[in-house]
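Trainee: First to last, the sequence lines map onto chains A and B.
First residue of the first sequence: 62, per my numbering; consecutive thereafter.
First residue of the second sequence: 6, per my numbering; consecutive thereafter.
Positions of the beta carbon are idealized from the N, C-alpha and C atoms, including for glycine.
All values reported here derive from a predicted model rather than from experimental measurement.
This is the structure I want to talk about, given as structure tokens.
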Amino acid sequence: MTLLTRTCKEVAALLIAREDRHLGLADRLALRFHLKICDTCPRFERQLLTIRQAMKQWRNYSNPE
Amino acid sequence: MTSFEQQIVDLHDYLLKFARLQLRNEAWAEDAVSEVIVAALAKPQAFENRSQLKTWLVGILKHKVVDALRHHSREISGLESGEDDNTDPLEWIAFKADGHFLESPADWGNPEQEMNSKQFFMVLETCATQLPQTQGRLFLMREWLELSCDEICVELNLTPTNLYVQLHRARLRLRECLELNWYARTKIA
Chain A
62 MTLLTRTCKE VAALLIARED RHLGLADRLA LRFHLKICDT CPRFERQLLT IRQAMKQWRN
122 YSNPE
Chain B
6 MTSFEQQIVD LHDYLLKFAR LQLRNEAWAE DAVSEVIVAA LAKPQAFENR SQLKTWLVGI
66 LKHKVVDALR HHSREISGLE SGEDDNTDPL EWIAFKADGH FLESPADWGN PEQEMNSKQF
126 FMVLETCATQ LPQTQGRLFL MREWLELSCD EICVELNLTP TNLYVQLHRA RLRLRECLEL
186 NWYARTKIA
């Protein structure tokens, strides 16, 4: 693993971890680069962002009822 | 009954839904909601509309729920045996030897696109309900009570590593449940 290179598996682990803890600078940079060149990881990222957004709306009771 | 009392009683089921989801124990949930109602009746206040009253009651409920979690912390932090093993949650997703996804994750589109769908949120709630007990409690502590990981660890005497594993499992389960019960279905329909 060079400084900024991560596999999709490593990136997936970072994306999940990001929901609950603060990532270090090197990891954040590596994520940003990987997400630019990868076709599949951005989909996984959008799935997690969807859940993040949905939970936010749900806990603020602003979801449609 | 005054209209204030009636309004509070009418919201009983609404409050119980959240208490159940968070506490995962019928008796604890009912106790917490009863305490909310007693506390609310003791301090009647004027609200312009039902949604303000709801917000006020949910605020009280969150405090009662945190008290209950604290009170039962021993029972809660003992992770149920048989609830998943100790594998890395990421093992649930298949990767090739070189670290690529074996199957590309499904395209869920824009994260905002389902946010006006009542049905989507019904599926989300069902999926959250189906999380295993411990994972569900911890996930809701993060996402509904909005506690930090540090706070949860202190309240339940968990190590951060243990908490993260449980939360990551919960997130991956929720993702899988939404994929199966929402995205895969809406694509077929």
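Measuring CA to CA, which of 18/B, 182/B, 70/B, 147/B is closest to residue 171/B?
Mentor: Nearest C-alpha to residue 171/B: 147/B.
Trainee: How do the stretch 143-157 of chain B and the stretch 90-107 of chain B stand: do at least 3 beta-carbon pairs fall below 8 Å, yes or no?
Mentor: No, because fewer than three Cβ pairs between the stretch 143-157 of chain B and the stretch 90-107 of chain B fall closer than 8 Å, the two stretches do not touch.
Trainee: Candidates 181/B, 168/B, 165/B, 149/B: which alpha carbon is nearest residue 122/A's?
Mentor: Out of 181/B, 168/B, 165/B, 149/B, 149/B has the C-alpha closest to the C-alpha of residue 122/A.
Trainee: Can you tell me where the alpha helix (DSSP H) with residue 39/B in it begins and where it stops?
Mentor: Taken as a continuous stretch (DSSP letters only), the alpha helix (DSSP H) holding residue 39/B covers 31-47.
Trainee: Compare the C-beta of residue 148/B against all C-beta atoms of chain A and say whether one is closer than 8 Å.
Mentor: It does; some Cβ of chain A falls within 8 Å.
Trainee: Taking only the alpha-carbon atoms, compute the straight-line gap between residue 168/B and residue 143/B and give it to the nearest angstrom.
Mentor: When rounded, the distance between both Cα atoms is 8 Å.
Trainee: Listed in chain order, which residues of the stretch 133-158 of chain B have Cβ atoms closer than 8 Å to some Cβ of chain A?
Mentor: Per Cβ criterion, the list reads 147, 148, 149, 151, 154.
Trainee: Could you name the residues of the same chain whose beta carbon sits closer than 7 Å to that of residue 100/B, not counting the 5 residues immediately before and after it, in chain order?
Mentor: Excluding residues within five positions, the ones whose Cβ falls inside 7 Å are 106, 107.
Trainee: So for residue 87/B, helix, strand or coil by DSSP?
Mentor: Its pLDDT being 49, under 50, residue 87/B is placed unreliably in this model, and the coordinates cannot settle the point.
Trainee: Give a yes or no on whether 8 Å exceeds the smallest Cβ distance from residue 79/A to chain B.
Mentor: Output row for residue 79/A: interface = no.
Trainee: Is there contact here, the stretch 12-30 of chain B with the stretch 91-103 of chain A, by at least three beta-carbon pairs under 8 Å?
Mentor: Verdict: no, contact absent.
Trainee: For residue 94/A, would you say it is in contact with chain B, using Cβ-to-Cβ distances shorter than 8 Å as the test?
Mentor: For residue 94/A, the answer is no, since every Cβ of chain B falls outside 8 Å of its Cβ.
Trainee: Can you pull the chain B neighbours of residue 74/A, defined as C-beta to C-beta under 7 Å?
Mentor: Result: 95.
Trainee: Anything in chain B within Cβ reach of residue 66/A, meaning under 7 Å, just list it in chain order.
Mentor: Here the premise fails: no neighbours, minimum Cβ distance about 10 Å.
Trainee: Taking just the CA atoms, how far does residue 178/B sit from residue 87/B?
Mentor: Bear in mind that the predicted position of residue 87/B carries a pLDDT of just 49, short of 50, making it unreliable; the figure below should be weighed with that in mind. Cα-Cα distance, rounded: 16 Å.
Trainee: Would you report the Cα separation of residue 109/B and residue 77/B, rounded to the nearest angstrom?
Mentor: Those two C-alpha atoms are separated by around 41 Å.
Trainee: Roughly how many whole angstroms lie between the Cα atoms of residue 80/A and residue 158/B?
Mentor: Distance between the alpha carbons of residue 80/A and residue 158/B is about 16 Å.
Trainee: So residue 24/B packs on residue 37/B, CB below 8 Å; how close in whole Å?
Mentor: With 8 Å as the limit, residue 24/B and residue 37/B qualify as a contact, their Cβ atoms being about 5 Å apart.
Trainee: Does residue 120/A come within less than 8 Å of chain B when only Cβ atoms are used?
Mentor: Yes, contact with chain B.
Trainee: If distances are taken between C-alpha atoms only, which option among 44/B, 191/B, 103/B, 187/B comes closest to residue 65/B?
Mentor: Closest by alpha carbon: 44/B.
Trainee: Relative to the alpha-carbon of residue 119/B, which residue among 111/A, 117/A, 120/A has its alpha-carbon at the smallest distance?
Mentor: It is 111/A whose Cα lies nearest to the Cα of residue 119/B.
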